[in-house]
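Report on one structure; see the data block that follows.
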Amino acid sequence: MKNQRIGNFSSSKTHHLTANGKAKGSVGVPFMTYVNEKLYEVKSGKQLEKEHSAKSTTWGTFVERFGFRELGIEYKLDSKKRYAHPTIPRWTGAPDTIKPKEVGDIKCPFTLKEYFELVEAMERARKKGGDLAQVLKKFKKEYYWQLVSNSILTGLENGMLGLFMPFEDQLQDIQDEMAQYDGPDVYKLFGLANANHEELPSLSREGMYNNFYKWSFEIPMEDKKFLTERVIKANYELDLLLAE
Numbered sequence: 062m063k064n065q066r067i068g069n070f071s072s073s074k075t076h077h078l079t080a081n082g083k084a085k086g087s088v089g090v091p092f093m094t095y096v097n098e099k100l101y102e103v104k105s106g107k108q109l110e111k112e113h114s115a116k117s118t119t120w121g122t123f124v125e126r127f128g129f130r131e132l133g134i135e136y137k138l139d140s141k142k143r144y145a146h147p148t149i150p151r152w153t154g155a156p157d158t159i160k161p162k163e164v165g166d167i168k169c170p171f172t173l174k175e176y177f178e179l180v181e182a183m184e185r186a187r188k189k190g191g192d193l194a195q196v197l198k199k200f201k202k203e204y205y206w207q208l209v210s211n212s213i214l215t216g217l218e219n220g221m222l223g224l225f226m227p228f229e230d231q232l233q234d235i236q237d238e239m240a241q242y243d244g245p246d247v248y249k250l251f252g253l254a255n256a257n258h259e260e261l262p263s264l265s266r267e268g269m270y271n272n273f274y275k276w277s278f279e280i281p282m283e284d285k286k287f288l289t290e291r292v293i294k295a296n297y298e299l300d301l302l303l304a305e
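In this text, residue positions in the sequence shown follow our numbering: the first is 62, and each later residue adds one.
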């Protein structure tokens, strides 16, 4: 089956399309860089991001299943299904979870600092009744715009971000599952499955942080409109490049 990421603008990367240039209304360098990457994929039939196997990406992709287990039974794991926009070409996404009116993604940072910074920002906003969408957009725009994109693709109005960091005593269970995994790209997990626990990110149960946080919020309509306009423009620019 054809890789549905090749040549398509994926939800997880749409934050590149939101970059602005110096002139009002212009796009930034990351926008055209991403469009050019899609050009290379369309012309070669190969996926560029598979050239790299970052440890943090491998960790986050595998460990998200442990984060999902922290959610309630009303959530459905949906990460194997890729959605496509019904009218705009080359726009796809694969959200982690689906429930009535809400699309969600689970993130598992590979550094404690990244985890703590986002938890502190989001929890402060939650306790004060702040705008969680705007806080997430400021502190982790790639997470935010992925939710916006998946909200558009699924037609669901709310977004949910789940953030997971294992406790120290959960690491062995994670590594055991890694060692038993026999799916695609199994070689990427070898180093993580055999790493010392000191090399892997984890929390102490004696600390004050939880191993899982969940924040839900309504996706602003103006951000859906903005991202839609940017994907349409990205398609236009890509078509121009393909016509050269």
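Ideal placement from N, C-alpha and C gives every residue a C-beta, glycine not left out. These figures come from a predicted structure and were not determined experimentally.
Would you say T118 and W206 are within 8 Å of each other, going by their C-beta atoms? Taking C-beta atoms as the reference points, T118 and W206 fail to come closer than 8 Å.
Residues near E260 in its chain [Cβ-Cβ closer than 7 Å; skip 5 each side]: none
Starting from V196 and walking both ways along the beta strand (DSSP E), at which residues does that stretch end? Taken as a continuous stretch (DSSP letters only), V196 belongs to no beta strand (DSSP E), being part of the alpha helix (DSSP H) at 193-200.
Pull up the DSSP beta-bridge partners for L264, would you. Listed as beta-bridge partners of L264 by DSSP are F228.
My output table needs one value for F278: the three-state DSSP class, helix, strand or coil. strand
Any chance the segment 80-91 sits against the segment 213-220, with 3 or more Cβ pairs inside 8 Å? Judged by Cβ distances under 8 Å, the segment 80-91 makes no contact with the segment 213-220, as fewer than three pairs qualify.
Contact under 8 Å by Cβ, C169 with E203: No, Cβ-Cβ distance for C169 and E203 is not below 8 Å.
Are V164 and L288 closer than 8 Å when you measure CB to CB? no
Need the endpoints of the beta strand (DSSP E) that T153 sits in, please. 152-154
If you draw a straight line from the alpha carbon of N271 to that of K201, how long is it in whole angstroms? 19 Å
Which term fits A115, buried or exposed, when burial requires 16 or more other beta carbons within 10 angstroms of its beta carbon? exposed
Secondary structure at T148, three-state DSSP: helix, strand or coil? Coil, per DSSP.
Please look up how many angstroms separate the CB atoms of S263 and T153, rounded, as I've assumed it's under 8 Å. Rounded, the Cβ-Cβ distance is 33 Å, inconsistent with contact.
Taking the beta strand (DSSP E) that G165 belongs to, which residues open and close that run? 163-168
Identified DSSP bridge partners for S71: Residue pairing from DSSP places S71 in a beta bridge opposite T153.
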